[in-house]
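Enquirer: Below you'll find the structure I mean.
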Amino acid sequence: MRAHYPMAIAALLIGAGAALAEPESTDPIKLTLHDWTGQLITTNIMAAVLEEAGYNVELVQADYLAQFSGLESGDLHVAMELWETTAAEAMAASLATGNTVSFGPTGMQGKEEWWYPSYVKEQCPGLPDWQALNDCAELFATPETAPKGRYLGGPVTWGGFDAERIAALGLNYEVIHAGTDAAMFAELESAYQRRAPILLWVYAPHWAPIKYDGEWVEFPPYSVECYTDPTVGVNPEATHDCGKPTGDIMKVGWAGLEGKWPGAAQAITAFQITNDEMGAMVGKVDVDGMSVEDVVDEWMTANEAVWTTWIQ
Amino acid sequence: MTPWRGIWAGLALVALGLAVLASLPAGWLWPPQAMQVPFAGWLTAAMTWLTDSAAIGPVTVKDLTRGFATLVEAPYEVVKVLLVDGITEGKGRRATTIIPPLSWVAVTVAAVALGHFARDIWLGLLAGALMTYLAVFGQWDSAMVTLASIAIAVPLGVLGGVALGIAAWRWPWVERVLSPVLDLMQTIPTFAFLVPILVLFGFGPVAALLATIIYAMPPMVRVTIVALRAVPSEILDFASMAGCTPGQRMRKVMLPVAIPDLMVGVNQVIMLSLNMVIIASMIGAGGLGADVLASLRQLNIGGGIEAGLAITALAVVLDRLGQAMSERVARAEVRQGNWWRRHPRTTLVLVVALLTGALGQLVPALQDWPKAWEITTKPFWADLIRHINLSYFDQLEAVRVWFLEALLLPVRRFFLGLPWLFLLAVLALAGWRLGGLRLAGLVLALGLFIAATGLWELAMITVYLCGLSVVIAMLIGLPLGILAALNETAGKVIGAVVDTLQTLPSFVYLIPVVMLFRVGDFSAMIAVVLFALVPAVKYTAHGLRSVPPELIEAGVVCGCTRAQILRKIQLPMAVPMILLGLNQTILLALSMLVITALVGTRDLGQEVYSALATADVGRGLVSGLAVAAIAIIADRLIGAAAGRARARLEVA
Chain A
1369 MRAHYPMAIA ALLIGAGAAL AEPESTDPIK LTLHDWTGQL ITTNIMAAVL EEAGYNVELV
1429 QADYLAQFSG LESGDLHVAM ELWETTAAEA MAASLATGNT VSFGPTGMQG KEEWWYPSYV
1489 KEQCPGLPDW QALNDCAELF ATPETAPKGR YLGGPVTWGG FDAERIAALG LNYEVIHAGT
1549 DAAMFAELES AYQRRAPILL WVYAPHWAPI KYDGEWVEFP PYSVECYTDP TVGVNPEATH
1609 DCGKPTGDIM KVGWAGLEGK WPGAAQAITA FQITNDEMGA MVGKVDVDGM SVEDVVDEWM
1669 TANEAVWTTW IQ
Chain B
64 MTPWRGIWAG LALVALGLAV LASLPAGWLW PPQAMQVPFA GWLTAAMTWL TDSAAIGPVT
124 VKDLTRGFAT LVEAPYEVVK VLLVDGITEG KGRRATTIIP PLSWVAVTVA AVALGHFARD
184 IWLGLLAGAL MTYLAVFGQW DSAMVTLASI AIAVPLGVLG GVALGIAAWR WPWVERVLSP
244 VLDLMQTIPT FAFLVPILVL FGFGPVAALL ATIIYAMPPM VRVTIVALRA VPSEILDFAS
304 MAGCTPGQRM RKVMLPVAIP DLMVGVNQVI MLSLNMVIIA SMIGAGGLGA DVLASLRQLN
364 IGGGIEAGLA ITALAVVLDR LGQAMSERVA RAEVRQGNWW RRHPRTTLVL VVALLTGALG
424 QLVPALQDWP KAWEITTKPF WADLIRHINL SYFDQLEAVR VWFLEALLLP VRRFFLGLPW
484 LFLLAVLALA GWRLGGLRLA GLVLALGLFI AATGLWELAM ITVYLCGLSV VIAMLIGLPL
544 GILAALNETA GKVIGAVVDT LQTLPSFVYL IPVVMLFRVG DFSAMIAVVL FALVPAVKYT
604 AHGLRSVPPE LIEAGVVCGC TRAQILRKIQ LPMAVPMILL GLNQTILLAL SMLVITALVG
664 TRDLGQEVYS ALATADVGRG LVSGLAVAAI AIIADRLIGA AAGRARARLE VA
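Top to bottom, those sequences are chains A and B. Note that the first sequence ends on residue 1680 in the working numbering; no numbers are left out. Note that the second sequence ends on residue 715 in the working numbering; no numbers are left out.
This is the structure we're talking about:
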């Protein structure tokens, strides 16, 4: 039933030396699982590494945003992927209680921006420059938005200041919010099959920019001042006249974790992975159909030199 | 009667005129800011108090609820070891199985044996076939996780429901307290109370179990109260004469007599528990719900459908077995001889379980269905949607645009253009006409509550979307229900479709719908209609079928044509039941709000969802209460109308 773990065998060959430190407590460390592949991979890698160090690990399915109350009370211990781009508010509120602490960035950068499939460029050659968008508004329009172009934004809760951006840059577009990312990518899949024009919010690391051939719209580069100071940027009278910031993907956990399992806290803090590595693994699962376990095993075997330093 | 018809027509005209012709200033349309009450803040504070510092003596509420969670967790763990985990050594990735869980062969044989025990071999074969479906389509492991939680949630929901129902039957004050609580349990969207539940009961499967029980139990309580009331008084008198104590009377006389009615409640508990599978998986239940969500996030529509149908298969197995068991109770069979002779089926299942468990070490196919033999329909579904998308998108788009421009947008404008005081006055008037001053007062109070939350505009969008969906669901459901009642073959087909729609998670068809109709109100409406259709069909068919045959014969004798019998006898007689169906349709439409928020509507459902996203407990609860207020207003008005219709029928 269980997959074959070359890892475990490798560890046996090296000898008991693999368990570098005695675990401070054998209580299970609870890591949260959400519903997107990248997060499953990140969490499973962390779990595998902690298990290599001798810790008892438990993976718990928990809602991305509902999990904070669990992290604060110590019911849950570690959340491996909190995107500054989508969970900033909830994360700040939670950290402010003092019951959760940040274990630093994962090394991955969440990128989110307006995106279009490559074939759209044939009809709108000025892309990816944002200034070409107004010439192509008709192309992206639907009966409800015409003559304005239709931009499919993320769920309302993701924020993103798209309405402000449209106003500040004088874009002839209307934001239609998708309720979930599943719905958003369903529309992309549909349009892509028909080779129909579509302009939407895409983020990375995610399987969509791997599976579909397309490009990000190039807005004036983001700066903190651009969001706060009207005079900065192309429109001297408005804020948000630039692209979106990229955001760290953070690790956050229960404040008591460091006291109870100091070695684990150190390993979690040390965990680092790059966008490219993650993108490749997400592609293997979501596009090529490999199982998460196999992809994680592959990474563990190939990167032993990396993760052993985390648990020293 | 006649002057009132004129008055209602006049009010409708005034409403149209107000909403369409005169565009009133916003001050008239929506309640003033000044009357807003900061409910959200209060509720957040109350919740913080409840979860952090509330205590009964030295024990905090949180300790109590956590203790309760541990109690529920113990049996769940046992079932999970049996069905899912087996007994293992070590943890996580290094775990090695010492004793495997029950093999797929053993569980399937057990399902067949149960079916045979409960009714006959055909039921057994049906149950066995559906279990085999789970194995063949690679859903086994997840299905067993779901089955383990259902196996705990349903008995707890049923027992709790019966206990509360008995209490309410015995002490009227319990019923008075319970009734509004049940209304709230059923109508507040689950997302609204998710965070408090997680805090009180901890993360993981137990919280998901309890959320499921909260959602699934209310019908059991109601059915129990009704069933106990329906026990004939002669039987009660007989029990008293025989010298039963009140406890004996309940256990030995009343409950057995009420069993057929109680089984209706059990059926509802099973169906509603399976409805919660998706939401439960978001807070730690795992299983099939998690598979549906994960598949659809990868746009793996076939995977979503297969996992969704696995939920339906489980529902069918559990429901049919449950129904058959209830009918069986009467005829106990007596066998002679050894234990294994007296219990041939139990013996068979035990032997198969042990044998496959032991042989499974040598022949793995006996323990787990081999991956290589799994069948999948994923490419078929992907190609089907792709084909429709490529060939018919333009036509579908035309349909969508027509619906939007001719129906959705005008109705939306109408509801957003109605002044709030006018609407409240009309509702109160309707309440007064249908149910007297009490009902008028209740409707007015609930309406004012919505006004005071400051969510009036969102509430109007909710009313527009749900109202329109309910009208369309009734327009489709009534004829289908009539057809199902008149024609037996059609009845069977429609029954199967309706059962599937009720248990297939709506998320499964939501994503293909979005692919063909884009995100927005139209897609949301399709999803709501598909789900809310179920009671419209079921209650209409049931109402028509229960018209007394003498009445129909009388019609035949009088020389009525079939159409006349239907129009003049059957339909009028079925009106109270159809109104009950309408009532349920509205409740189901409102319960879909949170799902429609997932395709980008901007109503109360979205407010609940956003509140969860910002961890704002109070805001979520207030929006949930506003949804409940709308549901209760609709429920009471229609209930009163149904009561009047019934009274008229009895007079005639």
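Virtual Cβ for every residue (Gly too), placed ideally from N, Cα, C. Everything numeric in this text was worked out from a predicted model, so none of it was measured.
Counting only beta-carbon separations shorter than 8 Å, does residue 1535 of chain A have a partner in chain B?
Expert: no
Enquirer: Between the alpha carbons of residue 722 of chain B and residue 1578 of chain A, how many angstroms are there, rounded?
Expert: Residue coverage of chain B in this structure runs from 64 to 715, which leaves residue 722 of chain B outside it and unanswerable.
Enquirer: What residue from A/1400, A/1445, A/1454, A/1444 has the CA that sits closest to residue 1571 of chain A's CA?
Expert: A/1454
Enquirer: Taking the alpha helix (DSSP H) that residue 126 of chain B falls in, what are its first and last residues?
Expert: 124 to 143
Enquirer: Per the contact definition of three or more C-beta pairs closer than 8 Å, is the region 576 to 585 of chain B in contact with the region 454 to 466 of chain B?
Expert: Contact between the region 454 to 466 of chain B and the region 576 to 585 of chain B is present, because at least three Cβ pairs lie under 8 Å.
Enquirer: Under the three-state reduction of DSSP, which class applies to residue 331 of chain B: helix, strand or coil?
Expert: helix
Enquirer: On the DSSP bridge assignment, give the partners of residue 1541 of chain A in chain order.
Expert: A/1517
Enquirer: Residue ranges of each alpha helix (DSSP H) run of no fewer than 4 residues wholly in the region 389 to 466 of chain B, ordered along the chain?
Expert: 402 to 405, 407 to 422, 427 to 430, 441 to 466
Enquirer: Is the shortest distance between the beta-carbon of residue 1546 of chain A and the beta-carbons of chain B less than 8 Å?
Expert: yes
Enquirer: Just the Cα atoms here: how many angstroms apart are residue 302 of chain B and residue 318 of chain B?
Expert: Rounded to whole angstroms, residue 302 of chain B to residue 318 of chain B spans 12 Å at the Cα level.
Enquirer: How would you list, in chain order, the residues of chain A whose beta-carbon sits under 9 Å from the beta-carbon of residue 344 of chain B?
Expert: 1403, 1429, listed in chain order.
Enquirer: Is residue 259 of chain B helix, strand or coil when you go by DSSP?
Expert: helix
Enquirer: Excluding the five sequence neighbours on either side, which residues of its own chain have a C-beta within less than 6 Å of the C-beta of residue 1452 of chain A, listed in chain order?
Expert: 1615, 1616
Enquirer: Is the Cβ-Cβ distance between residue 45 of chain B and residue 1450 of chain A less than 8 Å?
Expert: The first residue shown for chain B is 64 and the last is 715, placing residue 45 of chain B beyond what the model contains.
Enquirer: How many angstroms separate the CA atom of residue 163 of chain B from the CA atom of residue 173 of chain B?
Expert: 17 Å
Enquirer: Chain A beta carbons: is any one of them nearer than 8 Å to that of residue 361 of chain B?
Expert: At least one chain A Cβ lies under 8 Å of residue 361 of chain B.
Enquirer: To the nearest whole angstrom, what separates the beta carbons of residue 1582 of chain A and residue 1486 of chain A, a pair I think is in contact under 8 Å?
Expert: 5 Å
Enquirer: Quick check: the Cα distance between residue 106 of chain B and residue 378 of chain B, rounded to an integer number of angstroms?
Expert: Near 37 Å, if we compare the C-alpha coordinates of residue 378 of chain B and residue 106 of chain B.
Enquirer: Take every Cβ of the region 647 to 660 of chain B, pair it with every Cβ of the region 585 to 594 of chain B, and state whether three or more of those distances are shorter than 8 Å.
Expert: Enough Cβ pairs lie closer than 8 Å, so yes.
Enquirer: Of all the options B/414, B/125, B/336, B/290, which has the alpha carbon lying nearest to the alpha carbon of residue 212 of chain B?
Expert: B/336
Enquirer: Taking the straight line between their C-alpha atoms, what separation do you get for residue 325 of chain B and residue 384 of chain B?
Expert: 15 Å
Enquirer: Quick check on residue 1447 of chain A - is its C-beta less than 8 Å from some C-beta in chain B?
Expert: no
Enquirer: Is the distance from the Cβ of residue 516 of chain B to the Cβ of residue 685 of chain B below 8 Å?
Expert: yes
Enquirer: Is it true that the region 540 to 551 of chain B meets the region 505 to 521 of chain B, where meeting means three or more beta-carbon pairs spaced less than 8 Å apart?
Expert: no
Enquirer: Could you tell me the distance, in whole angstroms, from the CA atom of residue 127 of chain B to the CA atom of residue 451 of chain B?
Expert: Using only the alpha carbons, I get a separation of about 55 Å.
Enquirer: So which residues of chain B does residue 1460 of chain A contact, with C-beta pairs closer than 7 Å?
Expert: Ordered by position in chain B, no residue passes the 7 Å Cβ test against residue 1460 of chain A, which lies about 11 Å from the chain.
Enquirer: Could you have a look at residue 1483 of chain A and say whether DSSP puts it in helix, strand or coil?
Expert: strand
Enquirer: Count the other CB atoms, across all protein chains shown, that sit within 10 Å of the CB of residue 1629 of chain A; report buried if there are 16 or more and exposed otherwise.
Expert: buried
Enquirer: Excluding the five sequence neighbours on either side, which residues of its own chain have a C-beta within less than 8 Å of the C-beta of residue 313 of chain B, listed in chain order?
Expert: 229
Enquirer: Alpha carbon to alpha carbon, what distance is there between residue 1424 of chain A and residue 1395 of chain A?
Expert: 6 Å
Enquirer: Name the residue from B/189, B/590, B/332, B/699 whose alpha carbon lies nearest to the alpha carbon of residue 571 of chain B.
Expert: Ranked by how close their Cα comes to the Cα of residue 571 of chain B, the residues B/189, B/590, B/332, B/699 have B/590 in first place.
Enquirer: By the criterion of Cβ-Cβ separation under 7 Å, what are the contact partners of residue 1438 of chain A in chain B?
Expert: Ordered by position in chain B, the residues that pass the 7 Å Cβ test against residue 1438 of chain A are 261, 266.
Enquirer: Please name the residues in the region 450 to 462 of chain B whose beta-carbon is closer than 9 Å to at least one beta-carbon of chain A, in chain order.
Expert: 452, 453, 456, 460
Enquirer: Given that residue 669 of chain B touches chain A, what residues does it touch there, using C-beta distances under 8 Å?
Expert: Within chain A, the residues near residue 669 of chain B are 1524, 1547.
Enquirer: So the alpha helix (DSSP H) residue 592 of chain B belongs to, where does it begin and stop?
Expert: 584 to 608
Enquirer: Would you verify that the beta carbon of residue 1378 of chain A is, or is not, closer than 8 Å to some beta carbon of chain B?
Expert: At residue 1378 of chain A the pLDDT is 44, less than 50, meaning the model places this residue with poor confidence; the figure from the coordinates comes in the next sentence. Output row for residue 1378 of chain A: interface = no.
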